[in-house]
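Student: Below: one structure in structure tokens.
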Amino acid sequence: MMKAKTENKSRQWARGVMAAIMLAGTINIQAQGYVSQVWNPDNGDGTYTNPVINADYSDPDVCVGASGVDYYLTASSFQCTPGLPILHSKDLVNWKIVGYALKSLYDGDDDMEKHFSKPRHGEGVWAPSIRYHNGEYYIYWGDPDFGVFMVKAKDPAGEWSEPVCVIKGKGLIDTTPLWDDDGRCYLVNGWANSRSRFASVLTVRELNAEGTKAISDPVIVFDGNGTENHTCEGPKFYKRDGWYWIMCPAGGVPTGFQLAMRSRSPYGPYESKVVLAQGSTPVNGPHQGAWIHTKYGEDWFIHFQDKGAYGRVCHLQPVTWKDNWPVMGKMPANGYCGEPVLTYKKPKAMPDVKNENPAESDEFNSTRLGLQWQWNANFNEKFGMPTTWGAYRLYCYKAGSNDNLSPADDNADTRIWMVPNLLLQKTPADNFTVTTKIRMTAKDQNQYGGIIMMGLDYSALVVRRVGDSFQLQRITCEKADKGGQETVDVLDTLKPTAADAIPYHPAIHEDIYMRMVVADGKVDFLYSLDGNDYKSAGRQFMMREGKWIGAKIGLVAVQPSGTEDRGWIEADWLRIHRQ
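Adding 465 to a residue's 1-based position in the sequence shown gives its number in the working numbering.
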């Protein structure tokens, strides 16, 4: 156990051990929830600044809860687990993470659970929709390789059901149900060209009243091929005053715009208008999202903006109806196409709304992992566990061995790219600093651990056991998805902080502080042995997004496969603060 854990954390803080990073307001975890010091959209004067969630919640969808004053958001989670994050808000501006709807991919199906036991970058949960119907919350999503799935719950912050496969097949994505006034249920979806070899069409079919299986064949209701509406996808299904509405983006992710389509029948034909585009603003896309009608009679639209390495962040736009068309964002002088607002008055809400943001920093004092964290594949208990002494232990993954005790296959991919036990969270702002205190415990050679900025290009600062010492190293890989190989730069040799004085599987230990300073897509790594004096740790790294997700920050612990006892790191805390 780290020596620091024998003392009270608040006493350490007061004594100035962490004086180098304890800037005023660095961490503000209050009774009302977590308040970020690197991005807070609530201006405190009745207005907000976009993005309302400056983190990678790609393909967001929102529903109004049973109370009429609670809003619940979910988003794509791809191969990351737990999946289908659930965020809650009372005003569409202040959001907190309250849980996940999907523990693994996919509970109850051994073959699929095994498939997702390895990192499957870009696979898994695509563009979900969340709906409240008949006393229950439903989430539908398309897995491009396996079909359309659904989970449901009475309480969105509680336990969700095991996934039900509604439609089997490849290529079905971006699914949304609509329960009509007569109880019939319809489903709209898009198509992934990478699996079906066609795209830019939207189809509607009928499901049974329970929404658990298709009872009709699909019908193409919109075709964007050969027009400016190419790449139409991410459709959301609604009904308003007798009109059926499909809201969807078209024209590409960073280059596209929002369409609103209406019809008197769920099967169309639909007429359409562009109702939101980038215009003269810096908000590209703007891409798919959710139309929300509040109990106060207001209409709002949450959509994402593609910010490259930072992922797809969530913006909130007012909606004004004009000639029965929903104009989103700033009203134009003519026509129906709005522009994104950057700052605007907050939605009407109950007076008890408190300022809070999705969690970031973690003291690891709980016996449950913080909700901001996700794994790089389906969770296995051997990945890591909380400890009773207020640290999180992350065991070294035996690279290339499927986590068994045999040596790695000669052709196995031993790069961090294929390590499932990366403990990661989303980047929370354009500019921020991450600092963590860890102890590396190595029982054998080449066991290593540290911090990482993970994406299609990635770089990690680690300590690795070599002989009876540790090497401080930077492990970097470019174009990992294209087979790029890792390079290792040795920065320093460090004497162990401690060594076991027992004959049975003794370990050596290294206590170290690690830091990443992130500014406008560039990352500087630093380290310290005392928490005060930080030194540069190699060349600057340029962030890059992952496969359909933003770059992620977190912890890594790896070792060669074989029969050696596992090493591990213990993270005392990880704090996200101003630079």
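All C-beta atoms, glycine included, are put in the ideal place defined by N, C-alpha and C.
According to DSSP, which residues form a beta bridge with residue 702?
Tutor: Partner(s): 711.
Student: Quick one: measure Cβ to Cβ for residue 667 and residue 697, integer angstroms, because I've assumed they're closer than 8 Å.
Tutor: Residue 667 to residue 697, Cβ: 6 Å. Contact.
Student: Since residue 951 is in the beta strand (DSSP E), which residue starts that stretch and which ends it?
Tutor: Taken as a continuous stretch (DSSP letters only), the beta strand (DSSP E) holding residue 951 covers 951-959.
Student: Go through its chain and collect everything with a Cβ distance to residue 664's Cβ below 6 Å, but skip five positions before and after it.
Tutor: Around residue 664: 656 and 658.
Student: Could you say which of 895, 990, 987 and 964 lies nearest to residue 520 if we only look at CA atoms?
Tutor: Ranking 895, 990, 987 and 964 by Cα distance to residue 520 puts 895 first.
Student: Look up residue 896 in the DSSP assignment and give the residues it is bridged to.
Tutor: Paired residue(s): 984.
Student: Would you mind giving the Cβ-Cβ distance between residue 557 and residue 517, rounded to the nearest angstrom? I have them listed as a contact below 8 Å.
Tutor: Rounded, the Cβ-Cβ distance is 7 Å, consistent with contact.
Student: Just grab the DSSP bridge partners of residue 552 for me.
Tutor: According to DSSP, residue 552 bridges with 538 and 562.
Student: For residue 935, which residues of its own chain have a beta-carbon under 6 Å away from its beta-carbon, when the five flanking residues on both sides are left out?
Tutor: Correct list, in chain order: 928, 959 and 975.
Student: Just the Cα atoms here: how many angstroms apart are residue 530 and residue 536?
Tutor: For residue 530 and residue 536, the distance between alpha carbons rounds to 6 Å.
Student: For a quick check, are the C-beta atoms of residue 607 and residue 613 less than 7 Å apart?
Tutor: Against a cut-off of 7 Å, the Cβ pair of residue 613 and residue 607 comes out as a contact.
Student: Helix, strand or coil, according to DSSP, for residue 1026 in the structure here?
Tutor: Coil.
Student: Measure from the alpha carbon of residue 1042 to the alpha carbon of each residue in 856, 1032, 983 and 719, then state which is nearest.
Tutor: Residue 983 is the option with its Cα nearest to residue 1042.
Student: I think residue 741 touches residue 770, with their Cβ atoms under 8 Å apart; what is that distance to the nearest whole Å?
Tutor: Their Cβ separation, rounded to whole angstroms, is 11 Å, which puts residue 741 and residue 770 out of contact at 8 Å.
Student: Using 7 Å as the limit for Cβ to Cβ distance, is residue 682 near chain B?
Tutor: In the structure shown, chain B cannot be found, because there is only a single protein chain.
Student: Please report the distance separating the alpha-carbon of residue 601 from that of residue 563.
Tutor: Rounded to the nearest angstrom, the two C-alpha atoms are 17 Å apart.
Student: Tell me the DSSP secondary structure of residue 519 in three-state form.
Tutor: Note: residue 519 maps to coil in three-state DSSP.
Student: Going by beta carbon distance, what residues of the same chain come within less than 6 Å of residue 904, once the five residues before and after it are set aside?
Tutor: Around residue 904: 467, 974, 976 and 1035.
Student: Using a 10 Å radius around the Cβ and a threshold of 16 neighbouring Cβ atoms, would you call residue 957 buried or exposed?
Tutor: It counts as exposed.
Student: Among 781, 902 and 962, which residue has its Cα nearest to the Cα of residue 514?
Tutor: Among 781, 902 and 962, the Cα nearest to that of residue 514 is on 781.
Student: Assign residue 1054 to one of two classes, buried (16 or more other C-beta atoms within 10 Å of its C-beta) or exposed (fewer than that).
Tutor: This structure does not reach residue 1054, given that the chain is present from 466 up to 1044, and the question cannot be answered.
Student: With 16 other CB atoms within 10 Å as the buried threshold, where does residue 899 fall?
Tutor: Buried.
Student: What does the alpha-carbon distance come out to for the pair residue 728 and residue 762?
Tutor: Taking the straight line joining both Cα atoms gives about 23 Å.
Student: Can you tell me the Cβ-Cβ gap for residue 554 and residue 541, rounded? I've got them flagged as a contact below 8 Å.
Tutor: Not a contact, Cβ separation roughly 19 Å.
Student: Just confirm the distance between the C-beta atoms of residue 754 and residue 593, as a whole number of angstroms; I'd bet it's less than 8 Å.
Tutor: In fact, because the Cβ distance is near 12 Å, the residues do not count as touching under 8 Å.
Student: Quick one: is residue 710 buried, meaning 16 or more other Cβ sit within 10 Å of its Cβ, or exposed?
Tutor: Buried, because 16 or more other Cβ atoms sit within 10 Å of the Cβ of residue 710.
Student: Could you compute how far the alpha carbon of residue 989 sits from the alpha carbon of residue 683?
Tutor: Rounded to whole angstroms, residue 989 to residue 683 spans 51 Å at the Cα level.
Student: What's the C-alpha gap between residue 852 and residue 846?
Tutor: When rounded, the distance between both Cα atoms is 13 Å.
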